[in-house]
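*Asks:* First residue of the sequence shown: 104, per the working numbering; consecutive thereafter.
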Amino acid sequence: MFVLVEMTDTVRIPPWQFERKLNDSIAEELNKKLANKVVYNVGLCICLYDITKLEDSYIFPGDGGSHTKVHFRYVVFHPFLDEILVGQIKSCSQDGVHVSIGFFDDIVIPPESLQQPAKFDEAEQVWVWEYETEEGAHDLYMDIGEEIRFRVVDETFVDTSPTGPSSAEASTSNAAEEVQKKEAPYTLVVTTCINSYGLARVVVYTVSKIAPLSQKNDCFKLTMKQSHKIKGVEKGRN
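This is how it looks when you write it as structure tokens:
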């Protein structure tokens, strides 16, 4: 799920930070720039791991800050192919099942991707899979806190670098609409995990893609499909 990526960047340190250790100032600036951001063809940056090399620092005319070329390693969220990830159901709504994997919560399983036939229980505010057996239908509830598993099979990166508007008028009138139409910078395509029936309470899903990155919290949003693993017994409700 996490990998170390070697990177190189030129870091500017403002004059009022010259009294600090150079490594500390550079580490802070790198985390400000990269942490919780998606780097094209790399993944979601988490935090700085270490600095491997510092080149000479320069001060240019008209700029009192120092500029240093830095070689470093960064911790990146970038699942490898066939990796199995585990999440927990956070909440349910008419829009689908909302899942968290701990460090981001914007994971959504849309209704059409749930195991069918499925229905939304308005009273319980949960999704229910109407599982058919020889004894009849059993309602399997997708409760908050239950775990799900999914496996990565493919990935797609999209360059979402901002482009200038064609006119100032278009920029103001269509700003909200343009944000909604933004493509996801990082897309995962996954398949279900094959597990034996009735051996665990984990429900397995297929993640089809990561939806657009949030402008406020830079979190992923995933869409998923459920697989074959079920609890195998009816879950009672009061």
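Idealized CB from N, CA, C, for every residue including glycine.
(1) Within 8 Å, do at least three Cβ pairs link the segment 167-174 to the segment 224-231?
(2) Alpha carbon to alpha carbon, what distance is there between Pro182 and Leu107?
(3) According to the neighbour-count rule (16 or more other Cβ atoms, all chains shown, within 10 Å of its Cβ), is Val293 buried or exposed?
(4) Tell me the residue span of the alpha helix (DSSP H) that contains Lys136.
(5) For Trp119, which beta-bridge partners are listed by DSSP?
(6) Who does Phe183 pair with in a DSSP beta bridge?
(7) Determine the extent of the beta strand (DSSP E) in which Ile154 is found, giving its start and end residues.
(8) Since Phe206 is in the beta strand (DSSP E), which residue starts that stretch and which ends it?
(9) For Gly248 and Gln218, I'd like the C-alpha separation in whole angstroms.
(10) Once DSSP output is grouped into helix, strand and coil, what is the label at Glu250?
(11) What number of angstroms, rounded off, separates the C-alpha of Val211 from the C-alpha of Glu233?
(12) Use the C-beta contact count for Lys319: other C-beta atoms within 10 angstroms, 16 or more gives buried, fewer gives exposed.
(13) Report the CB separation of Val189 from Glu258 in whole angstroms; it is logged as a contact under 8 Å.
(14) With DSSP run on the structure shown, which of helix, strand or coil describes Ser264?
(15) Distance, Cα to Cα, Phe121 vs Asp153?
(16) Looking at Val145: is its Cβ nearer than 8 Å to the Cβ of Val178?
(17) Please determine, among Asp112, Tyr143, Cys195, the residue with the shortest C-alpha to C-alpha distance to Phe223.
(18) With distance defined between alpha-carbon atoms, name the residue in Gln197, Lys193, Glu215, Ser160 nearest to Phe206.
(19) Whose CA, out of Pro118, Met110, Val261, lies closest to the CA of Asp166?
(20) Here's a check: name, in chain order, each residue in its chain whose Cβ is nearer than 7 Å to the Cβ of Asp321, leaving out the five neighbours to either side.
(21) Assign Glu258 to one of three DSSP states: helix, strand, or coil.
(22) Below 8 Å on the Cβ atoms is my contact criterion, and I expect Ala221 with Pro214 to pass it. Report the Cβ-Cβ distance as a whole number of Å.
(23) Compare the Cα-Cα distances from Asp246 to each of Arg123, Gln191, Cys148 and report the closest residue.
*Replies:* On the basis of the supplied data:
(1) no
(2) 12 Å
(3) Low confidence applies here, because Val293 scores a pLDDT of 45, under 50, leaving its location unreliable; read the following figure in that light. Val293 is buried by the Cβ-count criterion.
(4) 125-137
(5) Trp119 pairs with nothing; no bridge assigned.
(6) Phe183 pairs with nothing; no bridge assigned.
(7) 146-162
(8) Counting along the chain, Phe206 falls outside any beta strand (DSSP E), and DSSP gives it neither H nor E.
(9) 18 Å
(10) strand
(11) So the two alpha carbons sit approximately 20 Å from each other.
(12) In this prediction, Lys319 scores a pLDDT of 41, lower than 50, which makes its location untrustworthy; no coordinate-derived value is stated.
(13) Rounded, the Cβ-Cβ distance is 18 Å, inconsistent with contact.
(14) coil
(15) 20 Å
(16) no
(17) When only C-alpha atoms are compared, the closest one is Cys195.
(18) Relative to the Cα of Phe206, the nearest Cα in the group Gln197, Lys193, Glu215, Ser160 belongs to Lys193.
(19) Pro118
(20) Residue placement at Asp321 is flagged as unreliable, the pLDDT there being 43, under the threshold of 50; a coordinate-derived value is accordingly withheld.
(21) strand
(22) 7 Å
(23) Comparing Cα-Cα distances from Asp246 to each of Arg123, Gln191, Cys148, the minimum goes to Gln191.
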